[in-house]
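A short worksheet on the structure shown next.
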Amino acid sequence: MHYQNKICWITGASSGIGEAIAYELAGQGAHLILSARGKEKLSSVAEKCIEKGAKETFVLPLDLGSSESIVAAYKSFEEKYNQLDLLINNGGISQRAFSSETDIDVERNIMEVNYFGTIHLTKLVLPILMLQKSGQLAVTSSIAGKFGFPLRTSYSASKHAVQGYFESLRTELLPYNIDVNIIIPGRIRTEISKHALDGKGQATEKMDKGLDQGISPESAAQKIVKDLAKGKKEILVGGKELLLVYIRSYTPWLFYKIVSRISPI
């Protein structure tokens, strides 16, 4: 029960991996702050978290694509809490379109949500963590944050940016006893591909075959929370597609031969 009585803030908590992590932490008796854009869905998740053992839930709607929304959410958090033990930056949006067919405004939006929104919230909570000289900052990257795949150019770029930012931030926070954990999902059976943007910024509403064959969000959340409690710096979660990380490292020629033929996420 590593997170019993700990104050944990999760973005992207209304569905998928974020929702599953919320339930996992609830089972440990954590105090949960749940953020996403949809208040109604968050309220439903909050009720289930209480049933599963959460000490408390605080529904805090947040749009990572809006600086005003991020600041407002932080102010609401600050009014209620004077400490934070764990922030899981899990909110984000994916993409399914060729770069040549993607409007530049769509590319900017993906970067705004996945990168700028994520680091904005992180920078707001940093003073609290640095003052208390403890806590964890976790971020959900992706296997696409390790290397690129077709139809995910901007998504992959945003996750590479997240990966680089938090790896660098980790080195800056060493004197403050703050853990920085990067979560790297492969195929997880969520609806992320249905909400992924096409070249015009519309949801594709299609389920990827690869994701449909992925591990469950519940299985992913169990591993993620377990590894967070251990303080693992990089948390790989998924199935056999994660082998690509090692193939890229040790036999890059093979990786480049097969990468364009597969859909790992």
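Numbering (the numbering used here) for the sequence shown: 37 to 301. The beta-carbon is built from N, C-alpha and C at its ideal position, and this holds for glycine as well. Bear in mind the structure is a predicted one, so any value in this text is a computation, not a measurement.
Report the three-state DSSP secondary structure of residue i (helix, strand or coil).
i, result
"ASP263", "helix"
"PRO186", "coil"
"ASP215", "strand"
"ILE220", "strand"
"SER178", "coil"
"GLU227", "coil"
"GLN40", "coil"
"GLN64", "coil"
"GLN238", "coil"
"LEU209", "coil"
"SER50", "coil"
"SER71", "strand"
Express the C-alpha separation of residue j and residue i in angstroms, rounding to a whole number.
i, j, result
"ALA109", "LYS293", "45 Å"
"GLY153", "LEU100", "5 Å"
"THR47", "VAL216", "16 Å"
"LEU279", "LYS268", "19 Å"
"SER112", "ARG73", "15 Å"
"ALA82", "GLN64", "15 Å"
"GLY171", "ALA58", "17 Å"
"PRO186", "SER51", "25 Å"
"PHE202", "ILE218", "7 Å"
"GLY237", "GLY128", "14 Å"
"ASN213", "ASN41", "19 Å"
"LEU160", "HIS67", "20 Å"
"THR138", "LEU120", "39 Å"
"GLY54", "LEU233", "19 Å"
"THR287", "PRO253", "30 Å"
"MET37", "TRP289", "44 Å"
"LYS245", "VAL273", "18 Å"
"LEU98", "LYS77", "13 Å"
"GLU92", "SER136", "47 Å"
"LYS88", "LYS259", "18 Å"
"ARG284", "PHE291", "5 Å"
"VAL261", "ALA49", "14 Å"
"LYS242", "LYS266", "36 Å"
"LYS276", "TYR151", "27 Å"
"TYR282", "ASP263", "20 Å"
Below 8 Å on the Cβ atoms is my guess for residue i versus residue j; work out the distance and round it to an integer in Å.
i, j, result
"SER130", "LEU96", "Actually they do not touch by this definition, with Cβ atoms about 23 Å apart."
"LEU123", "LEU173", "5 Å"
"VAL175", "ASN118", "Rounded, the Cβ-Cβ distance is 23 Å, inconsistent with contact."
"ALA257", "ALA62", "That belief does not hold up - the Cβ atoms of ALA257 and ALA62 are roughly 11 Å apart, past 8 Å."
"SER103", "HIS156", "6 Å"
"ILE69", "CYS85", "That belief does not hold up - the Cβ atoms of ILE69 and CYS85 are roughly 11 Å apart, past 8 Å."
"ILE164", "ILE220", "Not confirmed; about 26 Å, so no contact."
"GLN199", "GLY181", "4 Å"
Within 8 Å, do at least three Cβ pairs link the stretch 185-194 to the stretch 140-147? yes
For a minimum of 4 consecutive residues, which ranges assigned as the alpha helix (DSSP H) are wholly contained in the stretch 240-288? 245-248, 253-266 and 279-286
Do the stretch 203-214 and the stretch 246-255 make contact, defined as three or more Cβ pairs closer than 8 Å? no
Could you pull out every unbroken beta strand (DSSP E) segment of at least 3 residues lying fully inside the stretch 119-158, listed in chain order? 122-125
Starting from the N-terminal side, write out each stretch of the beta strand (DSSP E) that is 3 residues or longer and does not extend beyond the stretch 74-120. 92-95
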